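Undergrad: Here the sequence shown stands for residues 976 to 1220, numbered as in our numbering.
Cβ coordinates follow ideal geometry from the N, Cα and C atoms, glycine included.
The model shown is predicted, which means the values in this text are computed figures rather than measured ones.
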Amino acid sequence: MEWAIFADVHGNLDALEAVLADARAAGAGRYACLGDIVGYGAEPDACCERVRALGCAAVVRGNHDHACSHRTSLAWFNPRAAEAARWTREHLSEENRAWLRTLPYRAVAAGAALVHGSLFEPPHWDYVVDTASARRHFERQRTETAFVGHSHVPCLFALRAGRVLGFRPPATPLVLDPGAGKYLVNVGSVGQPRDGDPHACYCLYDPEAHAVEWRRVEYDAEAAARKIRAAGLPDVLAARLLIGR
Ligand code: ZN
976 MEWAIFADVH GNLDALEAVL ADARAAGAGR YACLGDIVGY GAEPDACCER
1026 VRALGCAAVV RGNHDHACSH RTSLAWFNPR AAEAARWTRE HLSEENRAWL
1076 RTLPYRAVAA GAALVHGSLF EPPHWDYVVD TASARRHFER QRTETAFVGH
1126 SHVPCLFALR AGRVLGFRPP ATPLVLDPGA GKYLVNVGSV GQPRDGDPHA
1176 CYCLYDPEAH AVEWRRVEYD AEAAARKIRA AGLPDVLAAR LLIGR
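So this is what it looks like as structure tokens:
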């Protein structure tokens, strides 16, 4: 059974619908969401509804899900993220806010560990962006494979014979070799890619074959950008969707 594993939707319903259509067409039958369903984009409530209706095997909490559903300080967000979080707090239904508050920091599905940022103290939202941060994560990883989001940059880290290696995602499906070590897959971002490619990004995963495929999906980013501007959210949040930065 193929799994669709996705992260960082960030209130971008246009990107989410395109990803789900692509996953369905590719034969995905199970879903897992790695958090940050809301924050930045103009349709946080609709994205929550869509993810909840999917019947995901697991949905874990992202830092924006947390910030937008709690009255915590936003001092550790950059000014644009904080402004978007304040807007999102005002535009989330009570029901979706309550649902976001129930999300766990970590989960296991398809035999893999799922966490938004890193298994190194998940409530502190560590970013896995280099071999040092990947090593901190691997020290806590008990499964052969783990999936994360958070950086919005798709990539792969492997732990082999004590060495941590980083890879860019290949264009074709990759078969992991669990006997050779542990793997950490960053699935990229559905709703706000930051690797220079504006296409929505997510992963298909076949746990029996240990096969991972990073998928890039075209969607109407102009429409998502128009909604951000119409909502009065910071313009840069609209502009960045068109360049994937
Ligand atoms: Zn995010």
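Give a yes or no on whether the C-beta atoms belonging to GLY1030 and PRO1182 are separated by under 8 Å.
TA: The answer is no: Cβ separation not under 8 Å.
Undergrad: Distance check for GLY1092 and LEU1075, CA to CA, integer angstroms please.
TA: For LEU1075 and GLY1092, the distance between alpha carbons rounds to 17 Å.
Undergrad: Report the residue from ASP1105, SER1108, ALA1021, GLY1154 whose alpha carbon sits nearest the alpha carbon of THR1118.
TA: Nearest C-alpha to THR1118: GLY1154.
Undergrad: Give the DSSP-derived three-state secondary structure of VAL1150 in the structure shown.
TA: If DSSP states are grouped into helix, strand and coil, VAL1150 belongs with the strands.
Undergrad: List the DSSP bridge partners of CYS1130.
TA: The partner list for CYS1130 (beta bridge, DSSP) reads ASN1161.
Undergrad: Do ALA1121 and LEU1094 have their C-beta atoms within less than 8 Å of each other?
TA: Their beta carbons are under 8 Å apart, which means ALA1121 touches LEU1094 by this criterion.
Undergrad: Which residue or residues does DSSP assign as beta-bridge partners of ALA1199?
TA: None, per the DSSP bridge assignment.
Undergrad: Please classify ILE1218 as buried or exposed, where buried requires at least 16 other C-beta atoms within 10 Å of its C-beta.
TA: Counting Cβ neighbours within 10 Å, ILE1218 comes out exposed, since fewer than 16 surround it.
Undergrad: Can you name the residues that DSSP bridges to GLU977?
TA: Answer is ALA1003.
Undergrad: Comparing C-alpha positions only, which one of SER1164, GLU1065, GLU1193, ALA1136 sits nearest to PRO1019?
TA: The candidate whose alpha carbon is nearest that of PRO1019 is GLU1065.
Undergrad: So if I measure from each beta-carbon to every heavy atom of ligand 1 and keep distances below 5 Å, which residues remain?
TA: Qualifying residues, in the order they occur: ASP983, ASP1011.
Undergrad: Under a Cβ-count criterion, where at least 16 other Cβ atoms within 10 Å of its own Cβ denotes burial, should THR1147 be classed as buried or exposed?
TA: Exposed.
Undergrad: Using DSSP with H/G/I as helix, E/B as strand and the rest coil, what is THR1047?
TA: THR1047 falls in the coil class under three-state DSSP.
Undergrad: Looking only at its chain, what residues have a beta carbon closer than 8 Å to the beta carbon of ARG1081, apart from the 5 residues adjacent to it on each side?
TA: VAL1035, ALA1088, LEU1089, VAL1090, LEU1094, PRO1097, listed in sequence order.
Undergrad: Within this structure, are the beta carbons of GLY1016 and ASN1038 separated by less than 8 Å?
TA: Their beta carbons are not under 8 Å apart, which means GLY1016 does not touch ASN1038 by this criterion.
Undergrad: Could you say which of GLY1004, TYR1180, ALA979 lies nearest to LEU1149 if we only look at CA atoms?
TA: Residue TYR1180 is the option with its Cα nearest to LEU1149.
Undergrad: Tell me, to the nearest whole angstrom, how far the beta carbon of ASP989 is from that of ARG1190; I am working on the premise that it is less than 8 Å.
TA: Not really, about 16 Å apart at Cβ, beyond 8 Å.
Undergrad: Excluding sequence positions up to five away, which residues of its chain have a Cβ less than 8 Å from the Cβ of ASP1105?
TA: GLY1141.
Undergrad: Straight-line CA distance for VAL1083 to GLN1116?
TA: Rounded to whole angstroms, VAL1083 to GLN1116 spans 11 Å at the Cα level.
Undergrad: Tell me the DSSP secondary structure of ALA1085 in three-state form.
TA: Coil, per DSSP.
Undergrad: Assuming ASN1161 and VAL1123 are in contact, meaning their beta carbons sit under 8 Å apart, how far apart are those beta carbons, in whole angstroms?
TA: That pair is a contact at about 5 Å.
Undergrad: Which residues does DSSP pair with ARG1191 in a beta bridge?
TA: DSSP, once it has assigned bridges, lists CYS1176 as partnering ARG1191.
Undergrad: Reducing DSSP to helix, strand and coil, say where CYS1008 ends up.
TA: Note: CYS1008 maps to strand in three-state DSSP.
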